[in-house]
Amino acid sequence: MKPGVARLYVCQIILALDYLHENKIVHGDLKPENLLISANGYIKVAYFGLARRTIDHSPLNLIFGTVYYMAPEMINGSFFGPSIDWWALGVILYQTLFARYPFDLDRSPNPDPRFSRDDQNRVKLLIVSGEYRIPYSIDFPCLLFLKRLLSTSPTRRLLDRALISNEYVYFLGVEWEKVLNQMYELTFKPNDIEVILAKTSEDYSSMYANPPKEKQNDQFTGLFDDFYYKGPGSPW
């Protein structure tokens, strides 16, 4: 993806992170799989199962998230905070620009899980080293911002929307209020959701060779209408 196109998507994630961090929340597992694209093409940050609250900016020292998006300070077992989300954004931006992971390696073809663990440890070493390659030249303003996000220094990644928009030419001309209010017209939009749902419904109905039989009443009908059971681990 070209830097100019990637910029609007990055802006949306910046606004989301800015909001979370203002409310003392660290997402902790920012990655493409947790970014949803709505019908109008705008991004929604999803999955807060690993999110953590930082009270009065107290740092965290847990290890959680997805290895390929973990920041160096987390891997080192150091205290960390919102800086880990900005690192993850750097990884996402790199993938968006170059269609590859910045700290990639040739994985072992051996299915033995011990080799998989070795691969993850090698990835961690690459992340901590902070060494990555730029496959081909990109706009210099974009490169500067990418390097800031992928800095191994957590303090260099203590960012917010105001600082980013003031310091980086990459975002020159972006009207943040228009991004926030979803007023920019985005080039990519998912297919019509109603059409997809209708097609899905048709696909499922065709699975039945014979239509399902209607549920028949029996002697216990109605006895359990008001019965409520909360299963183990159920949130409801």
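If you read the sequence shown in UniProt numbering, its first letter stands for residue 1, the second for the next number, and so on. The beta carbon of each residue, even a glycine, is placed where N, CA and C say it ideally should be. Quick caveat, the model's predicted, so the values are computed rather than measured.
Give me the Cα-Cα distance between residue i and residue j, rounded to the nearest whole angstrom.
i, j, result
"PRO113", "THR187", "With a pLDDT of 45 at PRO113, under the threshold of 50, the predicted position of this residue should be treated as unreliable, though the coordinate-derived value follows. Those two C-alpha atoms are separated by around 41 Å."
"LYS189", "PRO32", "16 Å"
"ALA39", "TYR136", "33 Å"
"LEU126", "PHE103", "6 Å"
"PRO141", "GLU167", "10 Å"
"ALA99", "ILE92", "10 Å"
"TRP86", "PRO3", "18 Å"
"GLN120", "TYR101", "14 Å"
"LEU163", "ASN191", "36 Å"
"LEU143", "TYR132", "13 Å"
Quick one: residues in its chain with C-beta nearer than 8 Å to the C-beta of residue i, no 5 flanking neighbours on either side, listed in chain order?
i, result
"GLU73", "PHE79, PHE80, SER83, ILE84 and PRO154"
"GLY130", "PRO72, LEU150, SER151 and THR152"
"VAL5", "THR187"
"PRO161", "First, the residue type needs correcting, since residue 161 is Arg and not Pro in the sequence shown. Only ILE14, LEU15, ASP18 and TRP176 meet the Cβ criterion."
"CYS11", "PHE171, VAL174, TRP176 and VAL179"
"ARG7", "CYS142, TYR170, PHE171 and VAL174"
Report all residues from its chain with a CB closer than 6 Å to the CB of residue i; omit the five preceding and five following residues, and keep chain order.
i, result
"LYS147", "none"
"MET1", "THR96"
"LEU105", "ARG122"
"TYR47", "ASN34"
"ALA88", "LEU30 and TYR69"
"HIS21", "PRO82"
"VAL128", "PRO72 and ILE75"
"ILE134", "none"
Less than 8 Å between the C-beta atoms of residue i and residue j, yes or no?
i, j, result
"GLY90", "LEU158", "no"
"VAL26", "THR54", "yes"
"ILE75", "LYS124", "yes"
Report the three-state DSSP secondary structure of residue i (helix, strand or coil).
i, result
"ILE164", "helix"
"LEU105", "coil"
"LYS147", "helix"
"ARG114", "Low per-residue confidence applies at ARG114: pLDDT is 46, beneath 50, and the placement is therefore not dependable, though the value from the model is reported in the following sentence. If DSSP states are grouped into helix, strand and coil, ARG114 belongs with the helices."
"LYS2", "coil"
"LEU97", "helix"
"VAL128", "helix"
"PHE79", "coil"
"ILE13", "helix"
"VAL174", "coil"
"LYS133", "In the sequence on display, residue 133 carries Arg and not Lys. ARG133: coil per DSSP, three-state reduction."
"GLY35", "Note on residue identity: the sequence assigns Leu, not Gly, to residue 35. Residue state, collapsed to three classes: strand."
Residue i and residue j look like a contact to me (Cβ under 8 Å); what is the Cβ gap, rounded to whole Å?
i, j, result
"PHE145", "TYR170", "5 Å"
"LEU30", "TYR94", "LEU30 to TYR94, Cβ: 13 Å. No contact."
"SER165", "VAL174", "7 Å"
"TYR42", "GLN182", "5 Å"
Kindly list the residues whose CB is nearer than 7 Å to the CB of residue i, restricted to its own chain and excluding five residues on each side of it in sequence; keep chain order.
i, result
"LEU50", "GLY28, ASP29, PHE64 and GLY65"
"LYS44", "LEU36 and SER38"
"ILE138", "PRO3 and LEU97"
"ARG156", "ARG148"
"PRO111", "The pLDDT assigned to PRO111 is 49, lower than 50, so where the model puts this residue is not dependable, and the model offers no usable value."
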